[in-house]
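In our numbering, the protein residues as written are 140 to 1084. Beta carbons: idealized from backbone N, C-alpha and C, even for Gly. Down below is the structure, laid out as structure tokens.
Have a look at this one:
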């Protein structure tokens, strides 16, 4: 009774409360953990947002400085291009020199914010100045003058003294010669204003290392050795900066923003250094202070809310768990009282003790009761099943015995060697086939050692008896045969070596065939070197062993010419000569293989970078001296080599061969040497696969008419008339999708296919032009920079104009300003040749470089297209207005028509018209469309076939 009472009390008094205690502990830990994680996550998100905000502010400030520098340089270029400045400076006319810029000085000072203009002659003498200079006695003005006059290139600089200014120095050209230079400077007021607008924070400009400004001694920060030259909200920001200067070092704030409390609020102070001249002792910094009080308090409130919710959830969960456990625990105690009967085999007793299930919905305890009843039935059934399985096993043993007898009789009649041995490896039984093959009597074999009759192969250094091996056998007629032996212990002996039966198969013919097949599988039949399969397997084995080494991939240059000029038999002779040379000179260094065609490879196990390069340098002159004469032609085996090191450039054959192939193609592209060693694996394989894919797509599109022509209208701004369209190219993708040229034109430029694309566009554009020229419509076609060097371009145009019947006057050919200035002489010659055919020409993306102003008068073009970067900001940027108006005036002065690109809103049209710009192009005036849809009279077939 005491034991029964104890079993009844233990679950009732302790199990429920034990569950409640453990669950309470777990829930409290989870609540605390979730609260901590929530706080940590909010803090992390806040830190990340602040880092992103600081990074964005730094980028915006640096971008504003760069934009200010570029605009100042452009204004300086326009100032240097003033019509009266150059002649006055060249003629040493001081009065004319001063008058040339006096009229422009108020405009530059008010609209562009220019603080100072300096004019120097070619000898570096200052001839004139306007505005107020910077209080900087160490300005290297003469160094700037000397550098600009020597290089004839513009120069930009940032100087900080009592303030920070940007400088731009530009040469003044007259007749293509530099006669002097002009220097413009302006302060960073606009940059400071833009920084405050972008960040929304208080901004200050700090200069360190210079002299303290006497006019504002209260703005001097002693701890930072600097003074504040400009700031927003000085009455609030200045005390904050003084506190910050006493709290942290400026160098630390550059690395990590400083957080501090001021007047009960939290602030974050960050600093951005301005890149100035290296020789300056003063440095400029932008200081930005952001109020982060709201974010800090929000994190604290959210943390408190999470903690309260966790505690409330814990109380609710414990109360609910207590209510759920009371009744099921009483039922569980009743079930635990009947389960021990099953341990003693009382299946019937257990079934009678469990009450029948009622009709309520089942829960886990109901399932447990039902499972107990099913378990008692299954245990009884299992006893009957074990008896039945025992009978089946006996029948199976008898069946296996019959199969054994059948196999024994089969071996007696088989044409194989069958030998039994005792525990001393002496032959005790031999079959008739073995006796007939050996031409020996049974009495002479019995009792002899197995190894004396059948010669074993060389020992592997272990005494372990193998179950399968190959042995040699010399027959009575002197022929040597190979026997494959299969050993098995006899069933009557317990020790593996005590007695065994051996079955031998004559595999002599198979061995000979395998040897021949192995040679054929591993060798190249033409050169007798190893083939690609063997080379890759050897390379895989070396890499799997973790060894280092190098792969040299060699490709014979212009081998196709040998086959075409002298026949394939000559090419085969040259390949054998190359193979012999490589094997004789480098056969001892590693594995040499012919991979196929004119490709060879060397595997140098254990070679380092120096050895691989040394061998590559030896191969190049050796092959240069290898050649033959055939049909009056001298063919030399010049080659390009690619080197890939393992495991640096790959740890498997596929990656190593791909990277060696990439290096070999880079060697072919190089003009300095005929071998190339990959210096990095970064994206090498992906770039190669991408390039091969697009090269094939472009070739297929050219051969199978896989391009589509689109046009965008160029409108006359005065009356909205459209008689001029720019031709655009798209590639046809899957399901008729149009692929932008940004995906395939860069690849075409590198592979040389861009010239073929230019010709494709010209051919189809001329076909379309022949159908619409009667309507007075002109088509403008872009030419790549490589087409400027296409010697057959003019003849191609002559033939296509004749074949299509198009009037060249309605064809406008465009080249970019960059291509024209990069190779000015070629561009001028090509443009003039095109105009001689009757075509018109245009200069695209004009204005991206100030140097184009000087070349414009010498380029034979009819149109100039103003770069869209100026048009997009024309309504909001006074500097863009000055530059665009100057370009329009220069174009008019040279008798050329101007076209504004990227016209994307109606408000631009009257402003462009007031500048004298005649044409416009952009999404507001017309989006790109299929040529067949945009121009009546052109069918779809004219643009694709």
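Item checked: Anticipated Cβ contact below 8 Å, residue 426 with residue 410, distance rounded -> 6 Å
Check: What number of angstroms, rounded off, separates the C-alpha of residue 762 from the C-alpha of residue 787?
Finding: 28 Å
Notebook entry, point to check: Hey, would you say residue 696 sits closer than 7 Å to residue 809, going by beta carbons?
Noted result: Going by C-beta atoms, residue 696 is not nearer than 7 Å to residue 809.
Notebook entry, point to check: With 16 as the cutoff for other CB atoms within 10 Å, does residue 222 come out buried or exposed?
Noted result: Exposed: under 16 other Cβ atoms inside 10 Å.
Next item on the list: Measure the alpha-carbon distance for residue 910 versus residue 1076 and round it to whole angstroms.
Entry: Each residue's alpha carbon lies about 6 Å from the other.
Checklist line | Boundaries (first-last residue) of the beta strand (DSSP E) holding residue 669 | finding: Neither: residue 669 is in no beta strand (DSSP E) and is coded neither H nor E.
Item checked: Alpha carbon of residue 922 to alpha carbon of residue 806, nearest angstrom -> 29 Å
Checklist line | Reference residue 913, options 946, 888, 882, closest by Cα | finding: 946
Checklist line | 7 Å Cβ cutoff met for residue 506 and residue 493 | finding: Going by beta carbons, residue 506 and residue 493 fall outside the 7 Å limit.
Check: So which of 490, 640, 594 has the shortest CA-CA distance to residue 559?
Finding: 640
Check: Could you give the distance in angstroms between the alpha-carbon of residue 431 and the alpha-carbon of residue 378?
Finding: 17 Å
Margin query: Our contact map puts residue 681 next to residue 556 with C-beta atoms below 8 Å; I'd like the distance itself, whole angstroms only.
Written below: Contact between residue 681 and residue 556 does not hold, since their C-beta atoms are separated by about 40 Å, which reaches or exceeds 8 Å.
Notebook entry, point to check: If you draw a straight line from the alpha carbon of residue 258 to that of residue 196, how long is it in whole angstroms?
Noted result: So the alpha carbons of these two residues sit roughly 36 Å apart.
Next item on the list: Give the C-beta separation of residue 721 and residue 739 to the nearest angstrom, bearing in mind that I take them to be a contact with Cβ-Cβ under 8 Å.
Entry: 6 Å
Check: How is residue 473 classed by DSSP in three states: helix, strand or coil?
Finding: Residue 473 falls in the helix class under three-state DSSP.
Notebook entry, point to check: Just how far apart, CA to CA, sit residue 798 and residue 925?
Noted result: 28 Å
Next item on the list: In angstroms with no decimal places, state the Cα-to-Cα distance between residue 774 and residue 1039.
Entry: 57 Å
Next item on the list: Take residue 424 and list the residues in its own chain whose beta-carbon comes closer than 6 Å to its own, dropping the five residues that flank it on each side.
Entry: 345, 410, 412
Notebook entry, point to check: What is the DSSP secondary structure of residue 243, counted as helix, strand or coil?
Noted result: coil
Item checked: Between the CA atoms of residue 363 and residue 390 - distance to the nearest angstrom -> 9 Å
Notebook entry, point to check: Nearest-angstrom Cα distance between residue 1062 and residue 1049?
Noted result: Cα-Cα distance, rounded: 17 Å.
Item checked: Cβ-Cβ distance between residue 1059 and residue 1027 below 7 Å -> no
Margin query: Alpha carbons only, please: which of 694, 704, 726, 728 is nearest the one belonging to residue 714?
Written below: 694
Note to self: Suppose you measure from the CA of residue 466 to the CA of residue 510; what does that come to, to the nearest Å?
What the structure shows: 20 Å
Notebook entry, point to check: Within this structure, are the beta carbons of residue 927 and residue 966 separated by less than 7 Å?
Noted result: yes
Check: Apart from the five residues on each side of it in sequence, which residues of its chain come closer than 6 Å, Cβ to Cβ, to residue 341?
Finding: Sequence-distant Cβ neighbours of residue 341 in its own chain, meaning closer than 6 Å and more than five residues away, are 371, 372, 376, 428.
Item checked: Rounded distance between the beta-carbons of residue 1069 and residue 849, thought under 8 Å -> Residue 849 to residue 1069, Cβ: 6 Å. Contact.
Notebook entry, point to check: Quick one: what's got a C-beta closer than 6 Å to residue 351's C-beta in the same chain, skipping five residues either side?
Noted result: Note that residue 351 scores a pLDDT of 49, beneath 50, so its modelled location is shaky and nothing firm can be said.
Margin query: For residue 523, count the other beta carbons within 10 Å of its own beta carbon; 16 or more makes it buried, fewer makes it exposed. Which is it?
Written below: exposed
Margin query: Given a cut-off of 7 Å on the beta-carbon distance, is the pair residue 326 and residue 254 in contact?
Written below: yes
Next item on the list: With DSSP as the reference, label residue 254 as helix, strand or coil.
Entry: coil
Check: For the beta strand (DSSP E) that residue 628 lies in, which residues bound it at each end?
Finding: 619-628 is the extent of the beta strand (DSSP E) around residue 628.
Notebook entry, point to check: For residue 760, which of 795, 813, 801 has the nearest alpha-carbon?
Noted result: Minimum Cα distance to residue 760 is reached at 813.
Next item on the list: Give the single residue among 301, 300, 295, 302 whose Cα lies nearest to the Cα of residue 310.
Entry: Comparing Cα-Cα distances from residue 310 to each of 301, 300, 295, 302, the minimum goes to 295.
Next item on the list: Select from 460, 754, 229 the residue whose C-alpha is nearest the C-alpha of residue 157.
Entry: 460
Check: Can you tell me the Cα-Cα spacing of residue 194 and residue 369, whole angstroms?
Finding: 22 Å
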